[in-house]
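Reviewing the structure listed below.
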Amino acid sequence: QLQLQESGSGLVKPSQTLSLTCAVSGDSISSTRYSWSWIRQPPGKGLEWIGYIYHTGSTYYNPSLQSRVTISLDRSKNQFSLRLSSVTAADTAVYYCARGGVLIPFDYWGQGTLVAVSS
Amino acid sequence: DIVMTQSPDSLAVSLGERATINCKSSQSVLYSSKNKSYLAWYQHKAGQPPKLLLYWASTRESGVPDRFSGSGSGTDFTLTISSLQAEDVAVYYCHQYYSTPPTFGQGTKVEIK
């Protein structure tokens, strides 16, 4: 059974960099079939896709966040990571990692982790 | 970007009654050569991650009760809960995975009347 688990800092100061990791178990992130995504939900708002990464390491980011986002793979640890720079209060959200995003739906999700941006 | 618009934003339905949610995409999400619409529906309960209910517009994910059904093609889609149960209270989202960036509808909140 595939499982994803987010981890990282739950509190980030404005202008600093948010960093999260998604540990994957039950499947290899090197699988050629899937992409691996980050999605967020600000309080009281809907779901926003942040970006995804393929097994090759190719990445695609939401144009609205592209200048601040980096998603990377660590095949040795079977995990992928999110870095979002220059955060503001608007980046406060529950952040989810998920499998899928391009040509396939998001079929497995992590439990989500709340990241607050505050001084 | 493909804009996904759901209606209504919220609805209250009596237990055992039908709930219907609509989703419209700003351009077709039908992949003609495969004859599949790249449209999924999710159920999102408070404190939990979203759960995939349906994909290819009408294919139920494993384990999803058959009271959940999807229909539509191209740009217009519908999620139907045939007989609302208490555990169905949630926000429901449609999602297109036809093109990058993948986009979601704004969500429809389903409550018990």
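Top to bottom, those sequences are chains A and B.
Residue numbering for the first sequence follows our numbering, beginning at 1138 and increasing consecutively.
Residue numbering for the second sequence follows our numbering, beginning at 198 and increasing consecutively.
Think of the CB as a built atom: it goes at the ideal place given N, C-alpha and C, for glycine as much as any other residue.
**Q.** Residues near Leu1148 of chain A in its chain [Cβ-Cβ closer than 6 Å; skip 5 each side]
**A.** Ala1253
Q. Under 8 Å between C-beta atoms, does Trp1186 of chain A make it to chain B?
A. yes
(Q) Threshold first: 4 residues or longer. Then list the alpha helix (DSSP H) segments lying entirely within the stretch 1178-1252 of chain A, N to C. (A) none
Q. Distance, Cα to Cα, Ala1227 of chain A vs Pro1179 of chain A?
A. 8 Å
Q) Going along chain A in order, which residues have a C-beta closer than 8 Å to the C-beta of Leu276 of chain B? A) None at all; the shortest Cβ gap to chain A is about 14 Å.
Q.
Less than 8 Å between CB atoms is the rule here; does Tyr1197 of chain A satisfy it with respect to chain B?
A. yes
Q) For Tyr290 of chain B versus Gly302 of chain B, is the C-beta distance shorter than 8 Å? A) yes
Q. DSSP on Glu308 of chain B, reduced to helix/strand/coil?
A. strand
Q: Kindly indicate if chain A contains any beta-carbon less than 8 Å away from that of Tyr289 of chain B.
A: no
Q. Along chain B, in chain order, which residues have C-beta atoms closer than 9 Å to that of Gly1183 of chain A?
A. Val288, Tyr290, Phe301, Gly302, Gln303, Gly304
Q. With a cut-off of 8 Å, does the C-beta of Ala237 of chain B fall near any C-beta of chain A?
A. yes
Q) If contact means a Cβ-Cβ distance below 7 Å, which residues of the stretch 1208-1232 of chain A contact chain B? A) none
**Q.** heavy atom of the ligand FAD below 7 Å from Val261 of chain B C-beta
**A.** Annotation note on the ligand FAD: not contained in the displayed structure, which lists no ligands.
Q: Check the Cβ-Cβ distances between Thr272 of chain B and every residue of chain A, and say whether any is below 8 Å.
A: no
Q | Where Asp1164 of chain A falls: helix, strand or coil (DSSP) | A | coil
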